[in-house]
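Those protein sequence lines, which keep their order, are chains H and P. Counting with our numbering, you get residues 1 to 297 for the letters of the first sequence. Counting with our numbering, you get residues 298 to 820 for the letters of the second sequence. See below for the structure under consideration.
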Amino acid sequence: MDDTLIAILRSGTPLIYVTLAGVLAQRAGIWHLGLEGLMIIGACAAVVGTVQSGSVLVGLGIGIVLCVLASALLWFVIEKLRANPIIAGLGLTGLGLGGTDLAVQAIYGSQASVNAPFGLPRLGDAFGQYGVLSILVLFMPLAVAGVWVLTRRTRWGLQLSACGEHPFAARSVGVNPARMRLAALCLGGVFCAIGGAELSMGSLQIFAYGMTAGRGFMAFAAVIFGAAHPVGATGASLFFAIVGALGIRAQLLFGERVPHDLLLALPYIATVIGVWISGKLRGGAKAAATFGELRDY
Amino acid sequence: MTSSSALALACRDITVNFGDVTALSDVSVGFAEGLIHAVVGQNGAGKTTFARVAAGIVRPDSGSVEIEGQNVPLGNVGRARAAGIELVHQSFALPPSFTVAEAMEYGAEGGRTIYARGAMERRWMRHLEMLGVQVGPRERVRDLPVETQQAVEIARALVTDARILILDEPTAVLSPSGIDNLFARLKVMQENGVTIILILHKIREVLAVADTVTVLRGGKLVEGPIATDATDAAQLSASIIGSSVAGDISETDREALVGAAEESDTDEPITAETKDAPAILDIRNITTRQDAEGPALDKVALRVGRGEIVGVAGVEGNGQRTLVRALSHLADIVSGNIELAGTDVTRTPLSSRRANGLRVIPFERNSEGLSLSSALWENWAARTLLLGGSLKLINPAQLKKTCFDTLNRWGVRFSSPSQPAGSLSGGNAQKLILAREIDDDATLIIAAQPTRGLDVGATAFVWRALREARARGCGILLISSDLDELFDISDRIVVMLSGRINGEFSRPFHLADIGTAMTGADR
């Protein structure tokens, strides 16, 4: 039981951090498909930064700076160059996947995975079996609570939602939607960097090309599944993590009889089903579609 | 100006250009403190732009705005609000998913940084109670009836200490009794020292509520604030309409255009025996499935005869759109049936209904009526192309030529049939739709808000086109939220309320009766 719970927290934590980034962007009115790219930038920077500087903190810091810069770039392309947010987000994902590969090759001269000498600080013996988890797991609920307060219990959060839902309404009370979107994306960049670092430095201490393996998109699906509510989206991420962990369990139990590819695909299948169910619950695709446009009239 | 200290709002030499279009040119006007001012003009006269400049939403190219004697930076909503000016938009600007309390909070000042939900709701309930708005703090904006939505929007504008309240066409969405309530509420605010500027386009309403009136036409100031006591309907109507188009418009049309008629009860029989005319459209008790797009129809029965204009009145959002969707085969009909020229078309697709002579002038000109990025001839030819098989070959050169002739005949101002429909002005775009939908084979024309947003000349054109179609024997179903329009050109009027037909009226029409049916207060 404890093993499964550890597995869930281990795979769920990076996902939840990135989901929070998606929640902020979605509330600001941007379908953030660049989460995958930001996450891998965070993962890569944490490992490479740690190797080069010898300090995890520096590695994490570099990741945060890069992700915030990349988010600002996304904002510039969407807001100033008026690019379609979905295409721009996918472009950022491509940039992240390709850019990290290029960076690794440029620094180490090969595409092999990079090992860090040590990872993020662990919880330690006080937590018993759970001591193997990184401290970012402990901070995760705080981050969720923080985003919840920010979006649901402050005027800033209401203004952010107004920017996403009805930018004109936001403008008519003197809020600048463009500036709010920049803030939401950059704060999201911080979360993506943390999520990426937890993925690469939380347990494995390794960076390999494409190691996010679609987790950014899964986080985006969790945002839609959770109706862009911080708690709902976190729940959706946890659900995906649970399905993933059970998939591994199932592999051990009946890997003989069920094709193991199918079991590996479980989280992704759950993602599709989750999004479908949430769509049904909210009366079809129509409800969510209004989020995306940067309409201003 | 000697008395500038008594001016609540003074605008000097305001000029606004949107691309090539000049929305306002050199408008200078001052509004005295503590009065109710009206700003009137046709659609496109620049009224909304003026309001938005004053509120800081639109940044003018030149000019200055003074609030209570203080210069306010242009195009800055925050500073304008701080100076005490608030704007209530024509199509409400509140995020639909917000609760009432959230809609108050998001534009407010003060209070705790991190609020507790209960305390926040109590604060705004007190505010709403003070303004006499009956609504629960947790109700969502999108679920509110239009009149409550407007009351909430006004309450939103008053969350800060507003000294000047501008309302952009607040009466357009209201029933007659809703308008009375609004005016009563505004009078109370005026007594509390708030200066009110109402953007209106009906003279009747101006004379009923305002102390002064200002007329805009074509982006220019026609006459500055003049006391309403010193003017009358005829004079105002002349300034609003101007002299350029006045010649082709009949006297009753003029009155309808500017909302000057006291009670539209002309009982001139427009068509002789509409009662006996064979029905072109017979809707028998149709009920539609509830969907996300609006209230479902509930046993709607409606009959349109040949050569008859049947008006559909009602506050917006009471099933008018569903009615049009049901007729266009876009809504699920649960029971009842629709007969078009004696043929049951309840289950037949739109293409065969169109083959039977159904034509639709849709609500949304720019999204439903036209493909703005497609050429004029493509938009125009869509009708015939729909009727052919999907593999039928088309001859663009031929279509362009016919399109060219037809559009000229309809008086559309365009340079080439290949230009995109998005390049046309509102009036011309609507003429393009009329040219497509009102053809010789049309037997039933559904005209949904066909004159919304059009200026006086274009509106008169649309009315003429509909009347001519009627004279040819077409049945016309005219859906409009403008009662003056309905009174002027309908032979009969039905009123929709919550997806039902809540009353049917024949000439002479009385505002009071129809207004009562619109709000369902008749019991």
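Glycine included, C-beta positions come from ideal geometry on N, C-alpha and C. Predicted, not measured: the structure shown is a model, and the values here were computed from it.
Could you give the residue range of the beta strand (DSSP E) that holds residue i?
i, result
"P/Leu477", "Note that residue 477 of chain P is Asp in the sequence shown here, rather than Leu. First-last for P/Asp477: 473-488, but that is the alpha helix (DSSP H), not the beta strand (DSSP E)."
"P/Phe802", "797-803"
"P/Asn368", "367-369"
"P/Thr492", "492-497"
"P/Val512", "509-514"
"P/Pro522", "517-524"
"P/Glu605", "605-610"
"P/Ser361", "359-364"
"P/Thr584", "576-585"
"P/Arg789", "789-794"
"H/Gly128", "Neither: H/Gly128 is in no beta strand (DSSP E) and is coded neither H nor E."
"H/Gly255", "Taken as a continuous stretch (DSSP letters only), H/Gly255 belongs to no beta strand (DSSP E), as it is neither H nor E."
"P/Ile743", "741-745"
Quick check on the DSSP output: the alpha helix (DSSP H) that includes residue i runs from which residue to which?
i, result
"H/His260", "260-264"
"P/Thr344", "The displayed chain sequence assigns Lys, not Thr, to residue 344 of chain P. P/Lys344 -> alpha helix (DSSP H) spans 344-351."
"P/Leu783", "780-786"
"P/Val759", "753-768"
"H/Arg181", "177-201"
"P/Gly602", "No alpha helix (DSSP H) contains P/Gly602, which is instead part of the beta strand (DSSP E) from 597-602."
"P/His424", "414-427"
"P/Leu729", "723-734"
"H/Gly216", "215-225"
"P/Leu391", "Counting along the chain, P/Leu391 falls outside any alpha helix (DSSP H), and DSSP gives it neither H nor E."
"P/Ile255", "Nothing can be reported for residue 255 of chain P, as the shown portion of chain P is limited to 298 through 820."
"H/Thr13", "2-27"
"H/Phe168", "167-171"
Using the beta-carbon count (16 or more within 10 Å), is residue i buried or exposed?
i, result
"H/Ala106", "exposed"
"H/Leu264", "exposed"
"P/Thr640", "exposed"
"P/Asn676", "buried"
"H/Lys300", "For chain H, the structure presents residues 1 to 297; residue 300 of chain H sits outside this window and is missing."
"P/Ser712", "exposed"
"H/Pro339", "Coverage of chain H is limited to positions 1 through 297, which leaves residue 339 of chain H absent and any answer about it impossible."
"H/Tyr17", "buried"
"H/Leu262", "exposed"
"P/Asn799", "buried"
"P/Leu306", "buried"
"H/Lys280", "exposed"
"H/Pro117", "exposed"
"P/Asp738", "exposed"
Mind checking who residue i pairs with in its DSSP beta bridge?
i, result
"P/Phe315", "P/Val318"
"H/Ser134", "H/Arg122"
"P/Glu383", "P/Leu462"
"P/His334", "P/Ile494, P/Thr509"
"P/Phe328", "P/Leu306"
"H/Phe207", "H/Val114"
"P/Thr396", "P/Arg437"
"P/Val588", "The question names Val, but residue 588 of chain P is Asp in the sequence shown. According to DSSP, which records beta bridges pairwise, P/Asp588 is partnered with P/Gly591."
"P/Leu775", "P/Gly608, P/Ala744"
"P/Pro717", "P/Ala672"
"P/Ala411", "It is worth fixing the name first, because residue 411 of chain P is Ile in this sequence and not Ala. Beta-bridge pairing links P/Ile411 to H/Thr154."
Within this structure, are the beta carbons of residue i and residue j separated by less than 8 angstroms?
i, j, result
"P/Ser671", "P/Ala745", "no"
"P/Leu667", "P/Ala732", "no"
"P/Ala507", "P/Ala335", "yes"
"H/Leu66", "H/Ile41", "yes"
"P/Leu518", "P/Val362", "no"
"H/Arg10", "H/Leu133", "yes"
"H/Ala222", "H/Ala233", "yes"
"P/Ala530", "P/Leu504", "yes"
"P/Thr396", "H/Thr154", "no"
"P/Ile451", "P/Ala610", "no"
"P/Gly556", "P/Asp781", "yes"
"H/Phe22", "H/Leu35", "Here residue 22 of chain H is Gly; the residue named in the question, Phe, does not match the sequence. Yes, the pair counts as a contact, with Cβ atoms nearer than the cut-off."
"P/Leu741", "P/Val621", "no"
"H/Ala335", "H/Ala25", "This structure does not reach residue 335 of chain H, given that chain H is present from 1 up to 297, and the question cannot be answered."
- Task: Please specify which runs of the alpha helix (DSSP H), each continuous and at least 4 residues long, are wholly inside the segment 614-702 of chain P, giving them in chain order.
- Result: 617-624, 647-652, 673-684
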